[in-house]
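Participant: Protein chains in written order, with the working numbering: chain G, 23 to 125; chain X, 23 to 125. Backbone N, C-alpha and C fix where the C-beta goes; we use that ideal spot for every residue, glycine too. What you are looking at is a predicted structure, and each value in this text was computed from that prediction instead of being measured. Submitted below is the structure of interest, expressed as structure tokens.
There are 2 protein chains.
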Amino acid sequence: MMSMNILEAFKALGNPTRLAILQNLREPEKHFPPQDEGDVNVDGVCVGSIQEGVGLSQSTTSTYLASLQRAGLVTSKRMGGWTYYKRNEANIKKLIELLGKEL
Amino acid sequence: MMSMNILEAFKALGNPTRLAILQNLREPEKHFPPQDEGDVNVDGVCVGSIQEGVGLSQSTTSTYLASLQRAGLVTSKRMGGWTYYKRNEANIKKLIELLGKEL
DNA sequence: TCTCTATATCTAAAAATATCAATATGAATT
DNA sequence: AATTCATATTGATATTTTTAGATATAGAGA
């Protein structure tokens, strides 16, 4: 299990789009359309759907998701041609606990 | 009382120096020298002492402190020629609670 | 008033980030 | 194998952040 790093998490979330992505992923079915393959609640949301939500280019969206993943805030799962991203709830919880202690 | 903004807090703390300043201010007497006027625990720490700790220029240190203050994470008090900065514990608590709910 | 001393602000340069278009990759299908 | 679709990566530019030096300000004391 990844050990969370406060600074890296802050850097990733200090951007309005990346913060919004993580927050929207709290209630996937509320913010993203249903998917043919993969349940948004179970498997995560594909990059294309996330891109529509944020209104930025495909490449920027992909880069942002990679950044959130490096910070340990989301996980990705490849299924066929799609990549599904979802929140890493365990790490987010860990981060909040860490903040309570060290911030 | 200022209402905390998650994004602004993340932006301010997504910098290693600013994060370290806030963390060092948790235990002022452990990280900063005693002051002739003003108790580091009660009144806060003057800019000069904070600057020594971070090893950056006076102007940068002052700018960083202003940024932390705009984000609601510290307060400042002017006494004579010195400005003393201390943590805004109420807002920091509020921020952590907000993160627990909204992040 | 003149001069220190501490801090804030202004200006400018260098470094990092944001962002997109183009291209590459990889899986599924024809 | 050629095509298509979704995503990742690369290359390039625009914007923001970082950072320091110079200057301004304000209080304390000679």
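Have a look at Arg100/G, Ala88/G and Ser89/G and flag the residue whose alpha-carbon is nearest the alpha-carbon of glycine 66/G.
Facilitator: Among Arg100/G, Ala88/G and Ser89/G, the Cα nearest to that of glycine 66/G belongs to Arg100/G.
Participant: With distance defined between alpha-carbon atoms, name the residue in Ala88/X, Lys116/X and Lys123/X nearest to lysine 108/X.
Facilitator: Answer by Cα proximity: Ala88/X.
Participant: When DSSP builds the beta bridges, which residues end up paired with valine 96/G?
Facilitator: According to DSSP, which records beta bridges pairwise, valine 96/G is partnered with Arg109/G.
Participant: Just to confirm the assignment, what range does the alpha helix (DSSP H) spanning glutamate 30/X have?
Facilitator: Looking at the DSSP string, the run of the alpha helix (DSSP H) that includes glutamate 30/X is 28–35.
Participant: Please look up how many angstroms separate the CB atoms of methionine 24/X and glycine 94/X, rounded, as I've assumed it's under 8 Å.
Facilitator: 4 Å between Cβ atoms; contact.
Participant: Answer with buried or exposed for serine 81/G, where buried requires no fewer than 16 other C-beta atoms within 10 angstroms of its C-beta.
Facilitator: Under this definition serine 81/G is an exposed residue.
Participant: What residues from chain X crowd round threonine 124/G, counting only those whose CB sits closer than 8 Å?
Facilitator: Note on residue identity: the sequence assigns glutamate, not threonine, to residue 124/G. In chain order: Gln45.
Participant: Taking CB distances under 8 Å as the criterion, tell me whether lysine 108/X reaches chain G.
Facilitator: So, not an interface residue.
Participant: Does the beta-carbon distance from alanine 34/G to leucine 78/G come in below 8 Å?
Facilitator: No, the Cβ-Cβ distance between alanine 34/G and leucine 78/G is not below 8 Å.
Participant: Would you kindly work out how many angstroms separate the C-alpha atoms of tyrosine 36/X and lysine 115/X, rounded to a whole number?
Facilitator: Contrary to the premise, residue 36/X reads as glycine rather than tyrosine in this sequence. Between glycine 36/X and lysine 115/X, the C-alpha separation is close to 18 Å.
Participant: For arginine 40/X, which option in Gly60/X, Tyr86/X and Gly75/X has the closest C-alpha, if you only look at C-alpha atoms?
Facilitator: Nearest option by C-alpha distance: Tyr86/X.
Participant: Would valine 64/X and phenylalanine 54/X qualify as a contact pair, given that the criterion is a beta-carbon distance under 8 Å?
Facilitator: No, Cβ-Cβ distance for valine 64/X and phenylalanine 54/X is not below 8 Å.
Participant: Name, please, each residue of chain X whose Cβ falls closer than 8 Å to the Cβ of isoleucine 118/G.
Facilitator: Within 8 Å Cβ-Cβ: Ile118, Leu121, Gly122 and Leu125.
Participant: Alpha helix (DSSP H) containing proline 38/X: first to last residue?
Facilitator: Its alpha helix (DSSP H) spans residues 38–46.
Participant: Can you tell me whether alanine 112/G is buried or exposed, with buried defined as 16 or more other CB within 10 angstroms of its CB?
Facilitator: By the 10 Å Cβ count, alanine 112/G comes out exposed.
Participant: When you compare the CB of glycine 77/G with every CB in chain X, is at least one pair closer than 8 Å?
Facilitator: No, glycine 77/G does not count as interfacial toward chain X.
Participant: Taking the C-alpha atoms as reference points, what is the distance between leucine 44/X and alanine 31/G?
Facilitator: Leucine 44/X and alanine 31/G: Cα-Cα distance of roughly 16 Å.
Participant: Under 9 Å Cβ-Cβ, which residues of chain G neighbour isoleucine 72/X?
Facilitator: Going along chain G, no residue has its Cβ under 9 Å from isoleucine 72/X, so there is no contact; the nearest lies around 17 Å.
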